[in-house]
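See structure below.
In our numbering, the protein residues as written are 10 to 136.
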């Protein structure tokens, strides 16, 4: 079984290398995704569209995990994790941004993401 840390690293590696379809395969069909102050979306297809909307603002993106708190794992194998993240954006208008954030994520027993909440100020990404 893949560890939660490895699943998170793989997810961001897929996004950073332009493989969004591979990233969303690491989610459950009914995943719940919340970006900053946006309304939550439900389902893999909606999550992909939400992530793509952010990616459409960029020419490149890089996610770096800074502070990792070990997951809390339940007896049934589900897990929850919280970590600090920095996201470097290369925007289409030529601006580069480095934005800190915090992520809460939950995983099923097969280490597929069931929920992700990214908290950070993405105002400059959409300015």
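Where a beta carbon is used, it is the ideal one built from N, C-alpha and C, also for glycine.
According to the DSSP secondary-structure assignment, residue 98 is paired through a beta bridge with 70, 106.
Cβ neighbours of residue 68 within its own chain (closer than 8 Å, five residues either side excluded): 99, 100, 101.
Between residue 74 and residue 96, the beta carbon gap of about 11 Å keeps them out of contact (Cβ cut-off 8 Å).
Bounds of the alpha helix (DSSP H) holding residue 33 are 29 to 33.
Looking from the CA of residue 103, the closest CA among 39, 70, 12, 14 belongs to 70. Contact annotation, residue 109 with residue 86: C-beta distance approximately 31 Å; criterion of less than 8 Å not satisfied. The residue among 133, 115, 39, 33 with its C-alpha nearest the C-alpha of residue 78 is 115. For residue 25, there is no enclosing beta strand (DSSP E); the residue is found in the alpha helix (DSSP H) stretching over 13 to 25. Nearest to residue 65 by alpha-carbon distance, out of 29, 18, 12, is 29.
As the crow flies, the alpha-carbon of residue 84 is around 40 Å from that of residue 134. If you draw a straight line from the Cα of residue 61 to the Cα of residue 24, it is about 10 Å long. In the displayed model, residue 51 falls within a strand according to three-state DSSP.
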